[in-house]
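To start, the structure itself, in structure tokens.
Protein chains: 2
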Amino acid sequence: MSQSASVNPHVSTDCVIFGFSQETLRLLLIRRSIPNKITETDDIHYALPGDLVRDDENLDEAAKRVLAELTGLKGIYLEQFQAFGDPLRVAKQKDRSWLKSVRQDPDARVITVAYMALIDSGKVNLHPGSFSKEAVWIPIHEIPELAFDHNEIFESALRQLREIVQIRPIGFELLPEKFTMSQLQSLYETILERDLDKRNFRRKMLNSGVLIPLTEKQIGVSNKPARYYMFNREMVESRGQSIMNLRMDGSFSLFS
Amino acid sequence: MSQSASVNPHVSTDCVIFGFSQETLRLLLIRRSIPNKITETDDIHYALPGDLVRDDENLDEAAKRVLAELTGLKGIYLEQFQAFGDPLRVAKQKDRSWLKSVRQDPDARVITVAYMALIDSGKVNLHPGSFSKEAVWIPIHEIPELAFDHNEIFESALRQLREIVQIRPIGFELLPEKFTMSQLQSLYETILERDLDKRNFRRKMLNSGVLIPLTEKQIGVSNKPARYYMFNREMVESRGQSIMNLRMDGSFSLFS
DNA sequence: TTCAATTAGTGTCAAATAAACACTAACTAG
DNA sequence: CTAGTTAGTGTTTATTTGACACTAATTGAA
Numbered sequence: 234m235s236q237s238a239s240v241n242p243h244v245s246t247d248c249v250i251f252g253f254s255q256e257t258l259r260l261l262l263i264r265r266s267i268p269n270k271i272t273e274t275d276d277i278h279y280a281l282p283g284d285l286v287r288d289d290e291n292l293d294e295a296a297k298r299v300l301a302e303l304t305g306l307k308g309i310y311l312e313q314f315q316a317f318g319d320p321l322r323v324a325k326q327k328d329r330s331w332l333k334s335v336r337q338d339p340d341a342r343v344i345t346v347a348y349m350a351l352i353d354s355g356k357v358n359l360h361p362g363s364f365s366k367e368a369v370w371i372p373i374h375e376i377p378e379l380a381f382d383h384n385e386i387f388e389s390a391l392r393q394l395r396e397i398v399q400i401r402p403i404g405f406e407l408l409p410e411k412f413t414m415s416q417l418q419s420l421y422e423t424i425l426e427r428d429l430d431k432r433n434f435r436r437k438m439l440n441s442g443v444l445i446p447l448t449e450k451q452i453g454v455s456n457k458p459a460r461y462y463m464f465n466r467e468m469v470e471s472r473g474q475s476i477m478n479l480r481m482d483g484s485f486s487l488f489s
Numbered sequence: 234m235s236q237s238a239s240v241n242p243h244v245s246t247d248c249v250i251f252g253f254s255q256e257t258l259r260l261l262l263i264r265r266s267i268p269n270k271i272t273e274t275d276d277i278h279y280a281l282p283g284d285l286v287r288d289d290e291n292l293d294e295a296a297k298r299v300l301a302e303l304t305g306l307k308g309i310y311l312e313q314f315q316a317f318g319d320p321l322r323v324a325k326q327k328d329r330s331w332l333k334s335v336r337q338d339p340d341a342r343v344i345t346v347a348y349m350a351l352i353d354s355g356k357v358n359l360h361p362g363s364f365s366k367e368a369v370w371i372p373i374h375e376i377p378e379l380a381f382d383h384n385e386i387f388e389s390a391l392r393q394l395r396e397i398v399q400i401r402p403i404g405f406e407l408l409p410e411k412f413t414m415s416q417l418q419s420l421y422e423t424i425l426e427r428d429l430d431k432r433n434f435r436r437k438m439l440n441s442g443v444l445i446p447l448t449e450k451q452i453g454v455s456n457k458p459a460r461y462y463m464f465n466r467e468m469v470e471s472r473g474q475s476i477m478n479l480r481m482d483g484s485f486s487l488f489s
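Chains as they are written, first to last, in my numbering: chain A, 234 to 489; chain B, 234 to 489.
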């Protein structure tokens, strides 16, 4: 018989929010200025956006709320990817002092359910926010030391993103509604950190059926204007399949 | 500023344990007999094995403990796949009455982190256990109504398994150390619920390099004895890649 | 108004992979 | 020694991938 300890940790949700701008994959982080009584300067403190899960919320709702509070956006791509529950994940000294200022029970263990969000960063209007708390986009290669185990959570999200992007067509979530083939390719190259062949990329994307070509083209660019495409959500939802290992006829290869 | 409710739900872990025997994929479930005062018979109650996460454990450790207590096995394939946290997930009347008998705080919300385990069911020695609690293997197509939201958790695990099996070579975890090509194929056919071509299957598996052919063959079978193979763990861990969409040279196809 | 600069857009061929398909080999039980 | 059963094996065709280089359309500067 298992004699289980009766444990009531806190449960939170943290969001790894990816955006794409200036050919760079970025993360939306919270920056806090915390007065340091000793140095009499402000300590800067970065963290993933997150919050405790409320009584009447399920996990998805909690993540959506965090996202909506931060960006004002609803209906964006959001996927739970991992729970983190090391007993010591909130035990670092510098994290503790911040927790003391915001939690009734700062010593409690916190188990967090991490979500990954993909958003068109052009849609986000970062509320300037209070002096002590603001949201900033930071390139994924310049992520500073984050609070708690948030660096680990981010690394895990990034790994996951790189996998998922090869299996499901979700990259589109990071682009505006209308985008060019080059933008799409650039996005994939950024995520996968490798160059892709232009002609092969176009062929595969077009044959996959997830793109709807528009008649509209770029205007005002000082080169041949590119055609815009939209993402065919229905096509994808109805199949829920890989676009990457897709046959030309829409079938999926595994075994014969 | 977000005013968060201070919430302390319970956190548990539940394990969806897959096994494979007699050409059937099975789940290891807990069966409890609960005396019903009204009918004066025992109510039978099935659930995924699980337990509250203890103070000093991380989530993986909790899942390993549940697994070890039930099967006596360590070091088996275990993967966290999803957290479930609906506020009402433990609110069904029949679940509540059982919770009252085992929990100090039976009304508390319980958030569970679900794990999927794949084991060679031949290794498991099901402890006969007490009259009121035993573990049973049940074919996945005959899963009864389970406690809480465990049916949903199981469905989710099964979906996940079907995806993962196409991407990573984990099916082996369900077989004995030495297995024949036919056993392996039968396993894949069972999981994917579709027939595979024998020659193409063999070629792909052999070319993938995840199999180590042994000289040993079956004995005592009344037909041509099949060669045994072992799973090449190192090969897989070093790549961590798909075997299914594997090129002959071990590369992985995405874009050129 | 022409030219330079820039990015968009297009097709083919060779190599790799996938899919379809049927017979012989080895063993046991009767 | 025969019937029954499962193991094991190759080839051919269709599809997909990967490599590769030029023309088209636009703007801005000369």
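Note that CB positions come from ideal geometry on N, CA and C, so glycine has one too.
Counting C-beta atoms within 10 angstroms of its own C-beta, B:Ala301 has fewer than 16 neighbours from the protein chains shown and is therefore classed as exposed. In this structure, DSSP gives B:Lys366 an extended state, which the three-state scheme calls strand. In this structure the segment 305-317 of chain A touches the segment 345-357 of chain A; the number of beta carbon pairs closer than 8 Å is three or more. Interface criterion met: the Cβ of A:Val244 is under 8 Å from a Cβ in chain B. When CB distances to chain B are screened at a threshold of 9 Å, the residues of the segment 288-302 of chain A falling below it are Asp288, Asp289, Glu290, Asn291, Leu292, Asp293, Ala295, Arg298, Val299, Glu302, in chain order. Linking A:Gln399 to A:Tyr421 through their CA atoms gives a straight-line distance of about 9 Å.
Secondary structure of A:Val286 (DSSP, three-state): coil. DSSP places B:His243 outside any alpha helix (DSSP H); the residue lies instead in the beta strand (DSSP E), whose first and last residues are 243-254. Ranked by how close their Cα comes to the Cα of A:Pro372, the residues A:Leu258, A:His243, A:Ile250, A:Asn241 have A:Leu258 in first place. A residue is called buried when at least 16 other Cβ atoms come within 10 angstroms of its Cβ; B:Glu378 does not meet this threshold and is exposed.
If you check the CB distance, B:Val323 and B:Leu281 do not come in under 8 Å. Residues of the segment 311-335 of chain A with a C-beta atom less than 7 Å from some C-beta of chain B are Gln313, Gln315, Ala316, Gly318, Asp319, Pro320, listed in chain order. Put simply, of B:Lys356, B:Ile267, B:Ile386 the residue whose alpha carbon is nearest the alpha carbon of B:Ser330 is B:Ile267. Assignment of A:Val299 by DSSP, reduced to helix, strand and coil, places it in the helix class. A:Thr304 is classed as buried because its beta carbon has at least 16 other beta carbons within 10 Å across all chains shown. DSSP places A:Glu375 in the helix class (H, G or I) of the three-state scheme. Contact between B:Ala350 and B:Leu311 holds: their C-beta atoms lie close to 5 Å from each other, under 8 Å. Excluding residues up to 5 positions away in sequence, Ser354, Gly355, Trp370 lie with their Cβ nearer than 8 Å to the Cβ of A:Ser254 in the same chain.
DSSP places A:Ile445 in the strand class (E or B) of the three-state scheme.
Proximity of B:Val343 to chain A, defined by a Cβ-Cβ separation below 8 Å, is not satisfied. When rounded, the separation of the alpha-carbon atoms in A:Thr413 and A:Lys270 is 52 Å. For B:Leu261, the enclosing beta strand (DSSP E) starts and ends at 257-268. The residues Thr304, Gly305, in chain order, have a CB closer than 8 Å to that of A:Asn358 in the same chain once the five nearest residues on each side in sequence are set aside. Under the three-state reduction of DSSP, A:Glu294 is assigned to helix. Using a Cβ-Cβ cut-off of 8 Å, B:Asn241 counts as an interface residue toward chain A, since at least one Cβ of chain A sits closer than that to its own. Taking the C-beta atoms as reference points, B:Leu408 is found nearer than 8 Å to B:Leu417. Along the length of the segment 328-362 of chain B, whole beta strand (DSSP E) runs at least 3 residues long occupy 343-351, reported in chain order. In terms of Cα proximity to B:Arg392, the closest of B:Phe381, B:Glu426, B:His243, B:Asn440 is B:Glu426. Judged by DSSP secondary structure, B:Glu385 falls within the alpha helix (DSSP H) whose first and last residues are 383-397.
Rounded to whole angstroms, the separation of the alpha carbons of A:Asp293 and A:Phe405 is 21 Å. Straight-line spacing of the CA atoms in B:Asp328 and B:His383 works out to 11 Å. Interface annotation, A:Val369: not in contact with chain B, CB-CB separation never under 8 Å.
Among the bridge pairs identified by DSSP, A:Gln313 is matched with A:Tyr348.
In the structure shown, the three-state DSSP call for B:Ile277 is strand.
Runs of the alpha helix (DSSP H) lying entirely within the segment 409-453 of chain B, each at least 4 residues long, are 414-425, 431-441 in chain order. C-alpha of B:Lys411 to C-alpha of A:Ile352: approximately 47 Å in a straight line.
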